[in-house]
Structure formats: structure tokens, C-alpha cells
Amino acid sequence: MTEAAVAAKPQRVRIQRRPLHGVLLLDKPLGLSSNDALQKAKWLLRAEKAGHTGTLDPLATGLLPLCFGAATKFSQLSLDADKRYLATLALGIRTTTGDAEGEVLERNDPDHITAEQIASACAAFTGEIDQMPPMYSALKHEGKALYEYARAGVEIERKSRRVTIHSIDIVAMQAGTVTLDVRCSKGTYIRTLAEDIGAKLGVGASLAALRRTGSGGLTLDGAVTLAQIEAMADEQRAALLTSPDRLLADAPELRLNLADATRFLSGLRRRVDAPDAERVRVYGPEDKAFLGSAHITSGELIADRLLTPPEVQALLSA
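As numbered in the numbering used here, the sequence shown has no gaps in its residue numbers, which increase by one up to the final residue, 414.
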């Protein structure tokens with residue numbers, strides 16, 4: 097390549113990454129995978145380390161908590177948490193994928209279906225139920241996602257899984273569609289739930305739209321879109337992050353003096369005057385000195401996930 101050609105070639109701008117620690121509540125857009133949304137947010141914030149807390153299909157929108165830096169140590173808590181969705185069902189339409197992206201297999205007239213019938217069908221799937229994972233899912237079989245087999249026309253035998261549907265409430269009904277507010281355990285497939293409700297009604301159904309509105313104690317309140325982040329100045333973007341302890345907001349708080357906090361950060365067990373608990377948020381004497389998570393057994397504080405001293409200092413300086 098000539099010197100002139102090299103000079104004319106656009107130079108790739110190298111982004112200066114920075115250590116960021118906290119949780120970003122992202123309102124994921126339609127058509128973007130969770131990982132694509134994560135990478136875009138990570139690039140916009142110039143973050144060194146980031147991860148999401150459970151996937152949302154490209155068809156779905158809504159709450160996708162993103163963890164940066166030290167917060168990634170607690171991402172499993174959000175992954176394991178109960179979820180809440182607004183699910184819009186297309187009544188009378190069955191598709192190959194169980195949602196709007198698939199080919200239509202069957203059409204039936206749903207005009208005779210009443211709100212009472214829908215409520216009765218939903219009640220049949222409330223509580224602990226066995227649910228069959230759909231072929232169009234990211235579950236793995238011999239190292240490949242099930243949807244890869246499905247696209248190749250191969251059906252894989254699956255085992256049903258136990259999930260809990262805490263509640264299903266009708267939000268709105270229009271011609272041919274119904275929108276449901278669903279509270280459920282992790283691992284629940286809303287597409288499968290839509291198909292099962294449609295089968296119970298005798299007309300079939302598929303998922304027309306899905307929006308996650310809650311994950312554990314987190315909601316869309318304060319969530320931002322990628323477009324909003326992109327429109328912000330750099331210092332505003334970093335200020336969107338909240339402390340990693342947001343992921344443990346439903347756990348009781350325990351505050352240690354400086355000496356005990358230092359020992360706790362080194363992994364040593366401490367005697368505390370507190371009741372037994374499966375999980376507690378542990379802090380040092382300063383207001384924002386989040387140290388990590390622990391459990392208490394017989395008056396003994398035992399660390400589960402710890403921040404490093406530099407990470408604690410970063411939170412104090414934020």
C-alpha cells in the first residue's frame with residue numbers, strides 16, 4: 097500500500113476504557129439482542145468490564161439490568177430473581193416459533209372468547225406448573241442452541257421444567273389480542289405460556305409482543321434507552337450507574353466499624369449481634385462503603401461475595 101493510500105485510509109479511533117462500578121437499568125429496544133445492547137452500552141460508557149443479568153429475546157423490550165465492574169459479582173442475584181412482564185397475545189394465531197417471528201400454522205376466529213374465559217384459562221396456569229421449553233430457545237443440546245436445530249427442521253426431545261407463575265392479570269383486550277401482566281419465576285418461557293393459554297381457550301395463541309417490567313426489586317423506574325444514553329455528555333453517562341448494592345436491595349443491611357470492615361474484606365469471619373440471615377448487605381462505617389454480601393449463621397458473619405479495597409474506594413469516590 098502506498099503512503100498516499102495509507103494517509104487516505106480512515107484511522108480507527110481507539111476508545112479509552114475506564115473502570116466503572118455499578119448497575120445500569122437499560123430499557124432494551126425491539127430487535128436488539130441482550131448481548132448487542134450490552135456491548136453498545138459498554139461502548140457508550142467506555143467501561144472496562146460489563147455483563148447483563150439474563151437475556152431478553154430480540155422480540156422483547158424492557159428492563160435489562162446491566163452490571164459494570166464490581167457489580168458483575170452480584171449479577172446472579174438478578175438472574176435468579178422473579179420477573180414481571182407485559183405480554184400481548186395474538187389470539188387465534190399459532191406460529192412455528194410461538195411468537196410473531198414465526199410462520200403461521202393455524203388461524204382461528206377468537207371473537208367469541210370472553211374476558212371470563214381468558215381469566216379462567218390464566219388461572220389454570222397460575223402456581224407451580226411444569227413447562228416444556230420451546231425448540232426456539234437458547235437452551236443448549238450437545239453444545240448447540242435448540243433454535244439452531246429448530247431452524248434445521250430437527251426436533252430435540254426436551255424435559256419439562258418446574259416454574260412458578262405467581263399471578264396473571266388481564267390489562268387490556270382488543271380485537272384479537274389480550275395483554276397480560278405476568279409475575280413469574282426465573283426460567284419461565286412466556287411464549288410457551290401464551291401457546292398454552294391459547295390451547296386452553298381452544299383457538300390457539302402466539303406472543304405478539306413482550307415487555308419486561310420488573311426483575312426482583314428492580315423496575316423500569318429510572319431506566320434509560322440507548323438513544324438517551326447516546327444523546328448525553330460523557331460525564332452524564334457515568335452518572336447513570338447506581339451502586340452495586342442495588343442488586344441486594346431486598347436484603348437487610350449490616351454496618352461494621354473500620355476494624356471489623358477491614359477484617360471482613362480479607363475474608364475473615366466476624367461475630368455480630370444480629371439474627372441469622374441467608375443474605376445481608378455489608379457496609380463499612382462510611383455511607384457508601386458497600387463491602388459485599390454475606391450470610392449470618394449462629395451469630396457469625398460469613399462472606400459470600402466481596403469487593404476489593406480499590407473497588408470500595410471507587411464507590412466512596414463516586
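Ideal Cβ positions, reconstructed from N, Cα and C, are used throughout, including at glycine.
Source: prediction; values computed, not measured.
### Query
For L314, which of helix, strand or coil comes out of DSSP?
strand
### Query
Roughly how many whole angstroms lie between the Cα atoms of L173 and H237?
25 Å
### Task
Quick one: residues in its chain with C-beta nearer than 7 Å to the C-beta of N204, no 5 flanking neighbours on either side, listed in chain order?
G188, V299 and G300
#### Entry: Residue closest to Y232, alpha-carbon to alpha-carbon, out of Q213, I214, R257 and T193
T193
### Task
Going by CA-CA distance only, name the one from W139, L403 and D176 that's closest to G150.
D176
### Query
Does the pairing of the region 137-153 with the region 321-328 give three or more beta-carbon distances under 8 Å?
yes
### Beta carbon of A133 nearer than 8 Å to that of L160
yes
### Query
Who are the Cβ neighbours of L346 in its own chain at under 8 Å, not counting the five residues just before and after it?
The sequence given here places Asp at residue 346; Leu does not occur at that position. Result list for D346: G312 and G313, in chain order.
### Task
Using the Cα positions of Q135 and L162, report the straight-line distance between them to the nearest angstrom.
10 Å
### Query
Can you tell me where the beta strand (DSSP E) with D176 in it begins and where it stops?
Run containing D176: none in the beta strand (DSSP E); it sits in the alpha helix (DSSP H), S171 to D176.
### Between the CA atoms of L316 and A290 - distance to the nearest angstrom
23 Å
### Query
Sorted by chain position, which residues of the same chain lie with C-beta nearer than 7 Å to P115's C-beta, five sequence neighbours on each side aside?
E144, G165 and A410
### Query
Could you give the C-beta distance for R375 and S389, rounded to a whole number, given that I count them as a contact under 8 Å?
6 Å
### Task
Starting from H208, follow its DSSP beta bridges and name the residues at the other end.
Beta-bridge pairing links H208 to no other residue.
### Query
Is Q112 helix, strand or coil when you go by DSSP?
coil
### Query
By how many angstroms is the C-alpha of L402 removed from the C-alpha of A167?
10 Å
### Query
In terms of residues, what are the limits of the alpha helix (DSSP H) holding K296?
I286 to L297
#### Entry: Where the beta strand (DSSP E) containing T358 begins and where it ends
Run containing T358: none in the beta strand (DSSP E); it sits in the alpha helix (DSSP H), L354 to L361.
### Query
Anyone know if the C-beta pair for R366 and D356 falls short of 8 Å?
yes
### Query
From which residue to which residue does the beta strand (DSSP E) around I225 run?
G223 to Q227
### Message
Considering only the alpha carbon of each residue, which of K255, S171, Q112 and G127 lies closest to G118?
### Response
S171
### Message
Suppose the cutoff is 7 Å on Cβ atoms and the five residues either side in sequence are ignored; what does the same chain contact list for T273 look like?
### Response
T184, L185, A186, L187 and A304
### Message
Less than 8 Å between the C-beta atoms of I261 and L276, yes or no?
### Response
no
### Task
Would you mind stating whether D123 and V320 have Cβ atoms separated by less than 8 Å?
yes
### Secondary structure of E349, DSSP reduced to three states
strand
### Query
What is the DSSP secondary structure of Y245, reduced to helix, strand or coil?
helix
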